[in-house]
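Peer 1: Just so you know, our numbering puts 460 at position 460 of the sequence shown, and the rest follows in order with no gaps. I'd like to ask some things about the structure below.
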Amino acid sequence: MRKTYLLAIAFAVLSCKDTSNDSNSATTTTDKEYLTPFEKGNGNQTATYQECIDFYQQLAAGFSTITIEEVGNTDAGKPLHVVHYSNKSIDWDSPNEDRIKIMINNGIHPGESDGIDATMMLMRDLATGTLKVDDNVIFSSVAIYNIGGSLNRNSTTRTNQNGPESYGFRGNARNYDLNRDFIKADSRNARAFATAFHKIKPDLFIDNHVSNGADYQYTLTHLFTQHNRLGGAAGDYLHDSLQPALEKALEKRSLPITPYVNVFNQSPEDGFSQFVDYPRYSTGYTSLWNVLGMMVETHMLKPYKDRVMGTKAIMEEMIAIGSRDIKKIKEVRKSNFKNFQENPFYASSFELDQTKADTLNFLGYEAINEESDLTGNKLQTYDRKQPFSKKTAFQNYFKATDSIRVPEYYVIPQGQWEVLDLLRLNNVIMKPLEKDSTFTVGTYKIESYDTASNAYEGHYPHSNIVVSEKVGKVRFRESDIIIPTAQPGIKYILETLEPAMSDSFFKWNFFDTILQQKEGYSTYVFEATAKKMLDENKELKREFDSLKRTDAGFAASNGAQLSWLHKRSPNYEPAHLTYPIYRLN
Numbered sequence: 001m002r003k004t005y006l007l008a009i010a011f012a013v014l015s016c017k018d019t020s021n022d023s024n025s026a027t028t029t030t031d032k033e034y035l036t037p038f039e040k041g042n043g044n045q046t047a048t049y050q051e052c053i054d055f056y057q058q059l060a061a062g063f064s065t066i067t068i069e070e071v072g073n074t075d076a077g078k079p080l081h082v083v084h085y086s087n088k089s090i091d092w093d094s095p096n097e098d099r100i101k102i103m104i105n106n107g108i109h110p111g112e113s114d115g116i117d118a119t120m121m122l123m124r125d126l127a128t129g130t131l132k133v134d135d136n137v138i139f140s141s142v143a144i145y146n147i148g149g150s151l152n153r154n155s156t157t158r159t160n161q162n163g164p165e166s167y168g169f170r171g172n173a174r175n176y177d178l179n180r181d182f183i184k185a186d187s188r189n190a191r192a193f194a195t196a197f198h199k200i201k202p203d204l205f206i207d208n209h210v211s212n213g214a215d216y217q218y219t220l221t222h223l224f225t226q227h228n229r230l231g232g233a234a235g236d237y238l239h240d241s242l243q244p245a246l247e248k249a250l251e252k253r254s255l256p257i258t259p260y261v262n263v264f265n266q267s268p269e270d271g272f273s274q275f276v277d278y279p280r281y282s283t284g285y286t287s288l289w290n291v292l293g294m295m296v297e298t299h300m301l302k303p304y305k306d307r308v309m310g311t312k313a314i315m316e317e318m319i320a321i322g323s324r325d326i327k328k329i330k331e332v333r334k335s336n337f338k339n340f341q342e343n344p345f346y347a348s349s350f351e352l353d354q355t356k357a358d359t360l361n362f363l364g365y366e367a368i369n370e371e372s373d374l375t376g377n378k379l380q381t382y383d384r385k386q387p388f389s390k391k392t393a394f395q396n397y398f399k400a401t402d403s404i405r406v407p408e409y410y411v412i413p414q415g416q417w418e419v420l421d422l423l424r425l426n427n428v429i430m431k432p433l434e435k436d437s438t439f440t441v442g443t444y445k446i447e448s449y450d451t452a453s454n455a456y457e458g459h460y461p462h463s464n465i466v467v468s469e470k471v472g473k474v475r476f477r478e479s480d481i482i483i484p485t486a487q488p489g490i491k492y493i494l495e496t497l498e499p500a501m502s503d504s505f506f507k508w509n510f511f512d513t514i515l516q517q518k519e520g521y522s523t524y525v526f527e528a529t530a531k532k533m534l535d536e537n538k539e540l541k542r543e544f545d546s547l548k549r550t551d552a553g554f555a556a557s558n559g560a561q562l563s564w565l566h567k568r569s570p571n572y573e574p575a576h577l578t579y580p581i582y583r584l585n
């Protein structure tokens with residue numbers, strides 16, 4: 001048994017050396033005391049939840065540069081563990097703007113476990129000094145984000161994936177896909193993440209995943225946050241400097257990388273567009289605070305060992321770039337905060353700019369369309385015996401198609417406690433009114449919207465939202481909440497409170513109570529009132545008669561006619577379709 005154990009350790013150490021081209025990755029005697037389950041195994045195994053936490057606790061006990069903390073709670077009933085590395089002590093009450101702060105998220109989909117194992121080894125290498133970094137680095141990681149999914153371990157649910165031997169499940173303890181939950185925060189996991197995120201205030205953020213879709217030669221792909229939506233100097237730096245620097249650094253290590261291949265059932269060589277990370281996703285959420293974010297997407301069909309070591313290499317290079325470019329990164333983020341707070345308008349919708357594209361030297365495999373023996377229909381597959389390098393269009397430019405005028409303040413009635421709790425969780429600056437007050441405000445009316453017919457992540461989201469705005473006086477109560485927009489959280493405020501935004505609170509059903517009338521009427525009683533309204537208001541009668549002449553359905557329906565008149569009567573409740581968030585200038 002002892003001989004087998006020693007051989008396994010030797011194999012793991014040699015595997016670690018062979019896969020990484022970084023001269024700092026040689027394993028030391030100290031490292032051997034902190035081998036991960038991945039290294040101890042056969043290169044196709046990932047740590048369990050408990051093995052992961054035990055490893056970090058052992059590492060923290062052995063090295064003063066490593067700390068581990070419990071943040072909040074998760075849907076699985078266990079706390080979220082966040083691990084930090086720093087050569088110098090960290091004062092979390094300070095903004096730490098002299099340090100490059102890098103935050104990693106692992107195990108959001110626990111079947112995509114590459115980052116869990118890669119980060120365990122990387123933290124060990126940082127602690128032991130095997131990987132040497134400057135004192136200006138704070139490196140923080142969520143050990144395993146989706147704890148419930150990690151505990152739900154199996155070997156079958158990642159249908160197409162090549163390893164590891166067993167892994168966690170995509171859904172969390174309440175079957176949420178946590179990478180759709182950052183804005184709506186239905187899960188305790190998302191709320192714990194927000195707490196950790198706003199404590200760390202990272203400059204760079206990486207979420208480690210495994211890709212699906214097409215087949216190609218790359219083990220590694222990246223999905224940087226969409227640079228036009230990030231906007232300003234930060235968006236330019238991400239696209240023009242950070243992404244190329246990472247690609248060149250990995251190329252020197254013989255680890256080619258390409259943008260996330262956003263295609264399904266078609267060949268990438270025909271060109272593809274960038275995946276847009278709306279605020280429901282991790283990098284879309286973190287970008288609301290001008291964080292430079294990316295998802296690592298390793299390829300599901302490549303060997304697990306290669307995927308893990310490639311993920312580790314990406315994080316190593318991002319640490320190096322961040323440490324080297326700290327001055328520039330701080331500068332572009334500061335510029336973005338300033339510009340968004342000073343700009344009177346904010347882009348509310350984007351579309352793909354078909355006039356622009358980057359060109360990739362894409363390393364793919366020839367697509368084969370042959371009749372399936374199973375279905376009898378054409379089926380696209382890929383021939384790995386026919387690799388190619390082809391110029392491929394990558395459409396990663398988006399343009400704003402509409403904008404909103406940014407108010408100086410939003411006023412939120414204190415009864416909207418669920419929304420207010422999320423705003424507070426995200427460090428939004430607000431204050432209660434000290435006395436009852438009347439303000440002239442803009443009030444939205446929901447004119448039209450569509451609602452999904454199938455459930456999506458616990459909701460039936462709205463889309464195609466159209467609003468109108470009316471300005472008038474509204475009376476507010478003492479302790480209603482006023483929120484200035486000139487603050488660091490301006491993008492989060494606008495993206496959540498403006499109802500037509502892509503991931504607004506309205507879209508996610510937070511205000512569905514306004515879509516239903518609470519008071520009704522009896523037709524046989526109200527008809528007399530309706531007749532009196534038409535007799536006393538000639539303009540209303542002309543509009544009513546015109547509608548009866550031009551709309552056969554309206555003319556044939558007593559209910560439609562009386563409802564139309566009721567909505568124009570003093571009896572109609574003002575709360576119906578009135579959005580209960582107010583804009584104040």
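Where is the CB? At the ideal position from N, CA and C, for every residue including glycine.
Taking the straight line between their C-alpha atoms, what separation do you get for A127 and P484?
Peer 2: Taking the straight line from one Cα to the other gives about 43 angstroms.
Peer 1: How should H566 be labelled, buried or exposed, when 16 other C-beta atoms within 10 angstroms of its C-beta is the threshold for buried?
Peer 2: Buried is the call here.
Peer 1: For the putative contact between A347 and A400, defined by C-beta atoms under 8 angstroms, what is the C-beta separation to the nearest angstrom?
Peer 2: Contact flag correct, Cβ pair sits at about 4 angstroms.
Peer 1: Compute the Euclidean distance between the alpha carbons of L131 and L122, then round it to the nearest angstrom.
Peer 2: Their backbone Cα atoms lie some 8 angstroms apart in a straight line.
Peer 1: Cβ of E317 within 7 angstroms of Cβ of A249?
Peer 2: Yes; because the gap between Cβ atoms is below 7 angstroms, this pair is in contact.
Peer 1: Give the range of the alpha helix (DSSP H) segment to which N336 is assigned.
Peer 2: Note, N336: alpha helix (DSSP H), I326 to E342.
Peer 1: Would N208 and Y145 be called neighbours here (beta carbons separated by less than 7 angstroms)?
Peer 2: It is not a contact, given that the beta carbons lie outside the stated cut-off.
Peer 1: Roughly how many angstroms lie between the CA atoms of K391 and P268, to the nearest whole one?
Peer 2: So the two alpha carbons sit approximately 11 angstroms from each other.
Peer 1: Since V419 and I412 should fall inside the 8 angstroms C-beta cutoff, what is the C-beta to C-beta distance between them, to a whole number of angstroms?
Peer 2: So it is a contact: roughly 7 angstroms between Cβ atoms.
Peer 1: Is the beta carbon of L584 closer than 7 angstroms to that of T523?
Peer 2: Cβ distance not < 7 angstroms, so T523 and L584 don't count as in contact.
Peer 1: Could you have a look at M123 and say whether DSSP puts it in helix, strand or coil?
Peer 2: In the structure shown, M123 sits in a helix (DSSP, three-state: H, G or I).
Peer 1: Provide the residue span of the alpha helix (DSSP H) that contains F38, from first to last.
Peer 2: Segment P37 to K40, the alpha helix (DSSP H) holding F38.
Peer 1: What first and last residue would you give for the beta strand (DSSP E) that runs through Q45?
Peer 2: Premise fails: Q45 is in no beta strand (DSSP E) and is neither H nor E.
Peer 1: What did DSSP end up calling S141 once you bin it into helix, strand or coil?
Peer 2: Strand at S141.
Peer 1: Using a Cβ-Cβ cutoff of less than 7 angstroms, which residues in the same chain neighbour G458 once the five nearest sequence positions on both sides are dropped?
Peer 2: Excluding positions up to five away in sequence, the list reads Y176 and D186.
Peer 1: Which of the three DSSP states is assigned to E69 in this structure?
Peer 2: Strand, per DSSP.
Peer 1: Can you tell me the Cβ-Cβ gap for G107 and G168, rounded? I've got them flagged as a contact below 8 angstroms.
Peer 2: About 7 angstroms separates the two Cβ atoms, so the contact holds.
Peer 1: Which partner residues does A393 have in the DSSP bridge list?
Peer 2: T359.
Peer 1: State the start and end residues of the unbroken beta strand (DSSP E) segment that holds E297.
Peer 2: That run of the beta strand (DSSP E) goes L292 to H299.
Peer 1: Quick one: what does DSSP say P484 is sitting in, helix, strand or coil?
Peer 2: If DSSP states are grouped into helix, strand and coil, P484 belongs with the strands.
Peer 1: If distances are taken between C-alpha atoms only, which option among D91, L301 and Q516 comes closest to T219?
Peer 2: Cα-wise, what sits closest to T219 is L301.
Peer 1: Just how far apart, CA to CA, sit I53 and M295?
Peer 2: Each residue's Cα considered, the two are about 23 angstroms apart.
Peer 1: Do I147 and K78 have their CB atoms nearer than 7 angstroms?
Peer 2: Yes, the Cβ-Cβ distance between I147 and K78 is below 7 angstroms.
Peer 1: What residue range is occupied by the uninterrupted beta strand (DSSP E) comprising Y444?
Peer 2: Segment S437 to T451, the beta strand (DSSP E) holding Y444.
Peer 1: Taking the straight line between their C-alpha atoms, what separation do you get for L433 and Q416?
Peer 2: Computed Cα separation, rounded: 15 angstroms.
Peer 1: Counting Cβ pairs, one atom from each stretch, are 3 or more of them under 8 angstroms apart for the stretch 520-535 and the stretch 435-450?
Peer 2: Contact between the stretch 520-535 and the stretch 435-450 is absent, because fewer than three Cβ pairs lie under 8 angstroms.
Peer 1: Measure the alpha-carbon distance for E69 versus P95 and round it to whole angstroms.
Peer 2: Each residue's alpha carbon lies about 19 angstroms from the other.
Peer 1: The beta strand (DSSP E) with E469 in it runs from where to where?
Peer 2: Looking at the DSSP string, the run of the beta strand (DSSP E) that includes E469 is H462 to F476.
Peer 1: Do F398 and V352 have their beta-carbon atoms positioned less than 7 angstroms apart in this structure?
Peer 2: Sequence inspection shows Leu at residue 352; the Val mentioned does not correspond to that position. For L352 and F398, yes; Cβs fall inside 7 angstroms.
Peer 1: Quick one: using the 10 Å Cβ neighbour count with 16 as the cut-off for buried, is N369 buried or exposed?
Peer 2: Exposed, since its Cβ has fewer than 16 Cβ neighbours within 10 Å.
Peer 1: Return the CA-CA distance between D253 and P279, expressed in angstroms with no decimal places.
Peer 2: Per the sequence shown, residue 253 should be read as Arg rather than Asp. One C-alpha to the other measures close to 33 angstroms.
Peer 1: For N172, does the count of other Cβ atoms within 10 angstroms reach 16, so buried, or fall short, so exposed?
Peer 2: Buried.
Peer 1: The alpha helix (DSSP H) spanning K101 covers which residue range?
Peer 2: Premise fails: K101 lies in the beta strand (DSSP E), I100 to N105, not in any alpha helix (DSSP H).
Peer 1: Answer yes or no: does any C-beta atom of chain C fall closer than 7 angstroms to that of V428?
Peer 2: In the structure shown, chain C does not exist; there is a single protein chain.
Peer 1: Which stretch, first to last residue, makes up the alpha helix (DSSP H) that contains T159?
Peer 2: First-last for T159: undefined, no H or E at that position.
Peer 1: Buried or exposed for D203, going by 16 or more other Cβ atoms inside 10 Å?
Peer 2: That one is buried.
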